[in-house]
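Reading through the structure tokens given below for one structure.
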Amino acid sequence: MTLHNVLQRLSLCLVFTILTTVSTIAQNVTISGYIKDSETGETLIGATVYSTKTKTGASANTYGFYSLSLPKGDSTGLVFTYLGYTAQIKKVVLSQNIELTVKLLPSSSQLSEVTVTAKKSDENVQKPQMGVIDIPIQKIKELPAILGETDVLKVVQLLPGVQSGNEGTTGFFVRGGNSDQNLVQLDEAVVYNPNHLFGLFSTFNTRALNNVTLIKGGFPAQYGGRLSSILDITMKEGNNQKYKVEGGIGIISSNITIEGPIVKEKASFIISARRTYLDLLIKPFLPKGITTTYNFYDLNAKINWQVSKRDRLFLSAFKGNDKAGYTEASSINYGIKFGNSTATLRWNHLFGQKLFVNTSIIYNTYLLNLSTVQGKYYAQVYSGINDQNAKTEFQYYPNSKHKIMFGANYTYHTFTSQGKSDKIPKNLQLANLKTNQIPPRYSNEMAVYLNDEYTITKRIALNAGVRTPAFITKDVSYYTWEPRATLKVSVDSSSSLKAAYTVMNQFLHIVPSSSASLPFDLWIPSSKITKPERSEQYALGYFRNFKENKYEASVEVYYKTMQNQVAFKEGTQLLEQTNIDSSLVFGKGWSYGAEFFIKKNVGKLTGWLAYTLSWTNQKFKDLNYGETFPFKYDRRHVLSAVATYELSKRWTLSADFVFSTGSAYTLPVGRVNVADGGSLYDGVYYVYDKRNNYRLNPYHRLDIGATYRKNKTLFKGKVPFVSEWVFSIYNVYSHRNPYFVYLTVDPVTQEPKAKQVSLLPIIPSVTYNFKF
Amino acid sequence: MRKFFFLVVILVSLGFILSCQKDVKLKPLQYDSQLSIECILYPGKVPQLFLSTSVPFFSSNTTPQQLFARGASITITGTSTDNLVEDSVFDNFRCRWVPYYKGSIPSIIGQTYYLSVTYAGKTYTASTTINQPQVSISSTSFVHSFHDVYGEHEGVIVDFNDIAGSNNYYRFQMNRMIDSSVYGASNLGLIHSTCTNGSFFHIKEFGRSIYFDKGIDGQSMQFVIEPAFKHKLNDTAYVFVQSLDKNSAEFYDNIDKQKLAQLNPFVEPVFLKTKIEGCIGVFGSAVVSDSVLFVYPE
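As they're listed, the protein sequences go chains A and B.
Each residue of the first sequence is one higher than the one before, counting from 4 in the working numbering.
Each residue of the second sequence is one higher than the one before, counting from 686 in the working numbering.
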């Protein structure tokens with residue numbers, strides 16, 4: 004019997020156990036409510052509450068809601084904590100159910116040098132979850148910024164198990180997965196391409212965000228649809244106490260965020276916009292013969308309304324667009340337009356104190372239109388996705404031992420994708436794809452799930468669940484199920500061992516181009532030919548905190564298999580009439596590695612050190628002579644170090660350093676003469692021994708930054724005004740990191756040469772931020 | 686502050702514009718040179734076998750003379766055994782000698798031939814049967830502009846009827862005289878002969894594309910061929926259609942696809958599969974149609 008079968012049976016047992024356990028609840032008192040920021044009213048996602056009497060606790064969900072059941076009896080102390088906020092202790096009498104909303108004070112607002120900062124919780128050790136990293140937004144803002152733009156994805160790429168592509172490529176890569184294997188959600192809406200400017204910035208404006216969580220293993224059952232990671236981003240709700248304006252003026256872009264109450268403590272809004280003017284700035288400095296246009300913008304808006312004590316509505320929207328063009332006589336030329344739009348309507352409802360329900364209706368679109376010219380050839384890719392999504396999730400807290408989640412999710416996808424490449428015609432008139440003639444492909448994706456976070460004993464906890472996704476098109480239907488389990492065993496009060504097993508399925512695919520250097524993101528749905536991708540991941544971890552959780556350390560090892568990976572057939576040239584599915588070959592991939600992470604959470608010096616040692620390989624029957632070959636982003640070593648130092652109340656210094664093994668690419672190893680009539684072959688053909696046989700030079704880069712902060716008041720002391728000058732230098736020692744390598748052949752001697760293209764040298768920047 | 690701001694803007698702008706491009710020396714991967722055999726038998730012609738060694742990709746050895754595998758013992762056995770000997774032919778276009786191994790017994794149709802090449806202590810064997818049908822060209826014409834996977838190009842149009850009842854594989858052949866004013870339509874750049882001083886010389890060119898009759902067995906077929914060399918008004922040429930054996934067809938089709946992938950950066954790379962155990966290359970045969978005179982109309 005395989006592990007998969009065992010887990011399938013265990014999943015059934017889990018359902019039974021939950022039902023029986025929940026039905027035998029002892030006399031308990033439930034304390035529930037919201038944990039919020041006292042100054043803004045923003046919910047504090049992941050804040051914890053802890054009973055000093057029973058030594059049990061709970062954490063706030065995405066909406067700041069918590070529910071903690073304690074045995075009826077005497078009073079207890081409840082400690083509410085959140086990193087960066089002053090802890091609050093409330094004494095409650097456990098005689099009847101209590102509704103308790105707590106507002107925590109940000110520790111930064113305390114002017115004393117000896118700030119009583121909340122002790123960091125030890126959830127990373129105690130919770131039965133692994134491969135989960137919360138990234139504080141404040142930390143993102145403090146790190147050195149490329150061109151003055153702080154960036155969520157740049158920080159995500161500094162975490163263990165995560166790596167960036169080459170400079171200038173979009174997306175990020177988690178535990179050997181391709182970039183399409185990451186589900187990026189903004190307020191539950193899928194963002195298919197979360198990048199601006201070829202991955203140099205993310206599409207998310209940090210000022211509009213509340214929380215960022217990355218899950219790369221041990222996935223709870225509510226998440227699905229991608230093999231490798233979930234990046235769950237929550238927008239701010241808007242200050243429900245007073246109006247605030249926040250903005251930044253940078254070298255390439257500026258942004259502004261306005262938030263405030265619509266009805267104080269009842270309803271609030273936030274609107275945030277960012278626009279670049281890089282194209283206008285660059286124009287005067289361009290050498291003759293080069294033309295370039297580049298601009299992007301993004302817009303976030305959200306309204307929330309506390310309809311009643313038990314009902315809350317949220318309406319959020321996001322729109323981000325990029326438009327770029329570059330023309331030079333002897334280089335790569337391109338024109339690109341892409342963008343994401345999302346709209347989410349959510350309704351929170353509380354049934355009593357133990358059952359929290361969120362229902363969402365989501366609409367999102369993604370469009371990429373890329374044309375590129377390289378040498379005598381051009382290519383065009385058009386990829387359009389339109390999703391209509393509805394979901395509902397129940398979070399049930401029957402007692403202090405269980406946290407049960409169940410729900411359903413339905414998405415109607417429309418895909419419009421095609422690509423073509425051809426030689427440039429003599430009249431130089433490129434025949435563009437007739438995008439309105441690309442036949443749309445419709446599909447239905449749905450899932451139901453059940454998950455329980457079960458504290459079995461003081462030392463042992465289990466997070467187990469099952470998800471049953473389905474994917475239906477007019478030609479084919481796929482039904483499957485995914486057992487998930489994470490087991491935690493505490494070694495002592497500050498360390499634990501964890502093990503996780505997860506199965507994931509993915510019904511949407513990006514077909515990666517092995518040769519194109521620009522983002523060739525051709526999204527297609529599963530079909531009769533293109534089967535769903537499926538992964539199984541095993542992970543083991545040791546987690547330990549030191550010095551009252553000031554330091555977090557962990558070592559995780561994982562092994563992940565990925566079935567039905569897609570790639571283009573050798574020699575594929577996309578034409579307007581090409582059936583993409585018929586141009587594909589299918590294989591498997593597997594990745595294994597170890598991730599080391601140490602993080603300092605509090606104090607003047609904070610930051611982390613992450614090191615990942617990993618191997619990722621693929622095997623396709625019809626590629627590479629059927630032999631195993633390394634994945635393009637198989638990188639043996641990835642090291643990142645991040646540090647922030649509070650030099651004084653006004654100055655904060657920061658730095659980050661990254662090093663990674665170069666990514667893999669394919670070059671021929673040998674040359675053979677074509678002697679007999681080889682004129683049109685240029686007299687030579689190439690011998691390839693292995694796909695991805697070469698490595699780009701290692702990538703390394705140091706960035707530094709300094710922030711000067713000044714507090715003053717406006718309007719005769721009535722309005723506090725905070726200003727910041729952010730100075731940063733990207734790639735301090737201007738290391739020419741490789742973007743890609745290509746070959747040229749001397750027409751007379753026929754001797755080949757390799758050329759390396761690099762993108763970003765040292766880039767200093769300065770940004771002025773303000774807040775009032 | 687203003688000066689600083691403008692300095693930063695200039696640096697940033699330059700960073701984007703001057704995306705650095707430089708020659709890099711790549712550490713050569715371990716590559717053991719392989720023997721390459723290329724031999725197509727034509728009925729009525731003596732065998733011509735090109736034997737060379739492959740070289741590491743970044744090797745500066747590029748000419749046929751540098752790569753020729755000397756001292757091999759080669760036999761082709763049909764009704765009798767033909768011992769091939771070293772010979773060479775001058776390539777007037779590239780102005781260099783091309784060494785090869787030459788047989789003395791003309792091949793005949795309907796015969797199976799066995800190749801044996803012994804080189805550096807190893808023996809390589811292959812066989813081919815010349816049993817392809819000969820086709821007749823029904824017409825030729827010219828098109829100024831034609832569009833296919835190779836892009837837009839002029840073309841010589843060749844019409845003929847496929848021979849029904851077998852899987853057939855065809856390629857184009859053109860023989861003509863050119864002078865040093867004629868450029869090769871090389872994808873690497875336009876080059877022309879620098880050693881013929883304007884005098885005419887003979888060239889033979891083969892089409893890169895291989896045409897399969899799958900699904901059109903016995904029906905009329907049409908090629909539109911991009912000639913390998915430039916031409917002038919009223920230049921004349923003799924046009925042929927070759928019927929290849931399966932091995933040769935697959936081999937040259939793969940090279941064609943590989944070439945396309947090298948030229949077009951948006952085409953996936955192609956790994957060649959060998960047709961001869963232990964080495965690379967092909968031993969095959971072709972039956973050539975009767976020639977048709979073609980006059981360039983422009």
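Quick reminder that beta carbons are idealized off the backbone N, C-alpha and C, glycines included.
If we define contact as Cβ-Cβ less than 8 Å, is residue i a contact residue for chain B?
| i | result |
| --- | --- |
| residue 689 (chain A) | yes |
| residue 634 (chain A) | no |
| residue 720 (chain A) | no |
| residue 676 (chain A) | yes |
| residue 373 (chain A) | no |
| residue 572 (chain A) | yes |
| residue 754 (chain A) | yes |
| residue 311 (chain A) | no |
| residue 673 (chain A) | yes |
Taking 8 Å as the CB-CB cut-off, is residue i touching chain A?
| i | result |
| --- | --- |
| residue 873 (chain B) | Legend: pLDDT at residue 873 (chain B) = 47, less than 50; position of this residue unreliable, value from coordinates given subsequently. So, interface residue. |
| residue 747 (chain B) | yes |
| residue 791 (chain B) | no |
| residue 971 (chain B) | no |
| residue 705 (chain B) | yes |
| residue 783 (chain B) | yes |
| residue 915 (chain B) | no |
| residue 981 (chain B) | no |
| residue 775 (chain B) | no |
| residue 725 (chain B) | yes |
| residue 943 (chain B) | yes |
| residue 932 (chain B) | no |
Is the CB-CB distance between residue i and residue j below 8 Å?
| i | j | result |
| --- | --- | --- |
| residue 901 (chain B) | residue 847 (chain B) | yes |
| residue 108 (chain A) | residue 34 (chain A) | no |
| residue 278 (chain A) | residue 300 (chain A) | yes |
| residue 925 (chain B) | residue 974 (chain B) | yes |
| residue 388 (chain A) | residue 526 (chain A) | yes |
| residue 725 (chain B) | residue 679 (chain A) | yes |
| residue 688 (chain A) | residue 675 (chain A) | yes |
| residue 383 (chain A) | residue 423 (chain A) | yes |
| residue 579 (chain A) | residue 377 (chain A) | no |
| residue 602 (chain A) | residue 611 (chain A) | yes |
| residue 221 (chain A) | residue 503 (chain A) | yes |
| residue 351 (chain A) | residue 66 (chain A) | yes |
| residue 349 (chain A) | residue 275 (chain A) | no |
| residue 138 (chain A) | residue 215 (chain A) | yes |
| residue 957 (chain B) | residue 923 (chain B) | no |
| residue 625 (chain A) | residue 572 (chain A) | yes |
| residue 828 (chain B) | residue 909 (chain B) | yes |
Are there 16 or more other CB atoms within 10 angstroms of the CB of residue i, so buried, or fewer, so exposed?
| i | result |
| --- | --- |
| residue 862 (chain B) | exposed |
| residue 648 (chain B) | Residue 648 (chain B) cannot be examined here, being either before or after the span of chain B that is shown, 686 to 983. |
| residue 51 (chain A) | buried |
| residue 806 (chain B) | exposed |
| residue 780 (chain B) | exposed |
| residue 460 (chain A) | exposed |
| residue 92 (chain A) | exposed |
Report the CB separation of residue i from residue j in whole angstroms; it is logged as a contact under 8 Å.
| i | j | result |
| --- | --- | --- |
| residue 232 (chain A) | residue 212 (chain A) | So it is not a contact: roughly 18 Å between Cβ atoms. |
| residue 1004 (chain B) | residue 798 (chain B) | No information on residue 1004 (chain B) is available, as it lies outside the stretch 686 to 983 that chain B covers here. |
| residue 36 (chain A) | residue 103 (chain A) | 4 Å |
CB of residue i to nearest heavy atom of the ligand NAP: below 7 Å?
| i | result |
| --- | --- |
| residue 72 (chain A) | Looking for the ligand NAP in the displayed structure turns up nothing, as the structure carries no ligands at all. |
message: Could you check whether the region 558 to 578 of chain A touches the region 524 to 543 of chain A, counting it as contact only if at least three pairs of C-beta atoms, one from each stretch, sit closer than 8 Å?
response: yes
- prompt: Within the chosen definition, does the region 390 to 398 of chain A reach the region 359 to 374 of chain A through at least 3 CB pairs nearer than 8 Å?
  reply: yes
message: Taking 8 Å as the cut-off, does the region 765 to 784 of chain B touch the region 741 to 753 of chain B (at least 3 CB pairs, one atom from each stretch)?
response: yes
- request: Indicate whether the contact test is met: 3 or more Cβ pairs, each with one atom in the region 542 to 559 of chain A and one in the region 910 to 923 of chain B, closer than 8 Å.
  value: no
Touching by the beta-carbon criterion (3+ pairs, under 8 Å), the region 490 to 506 of chain A and the region 125 to 133 of chain A: yes
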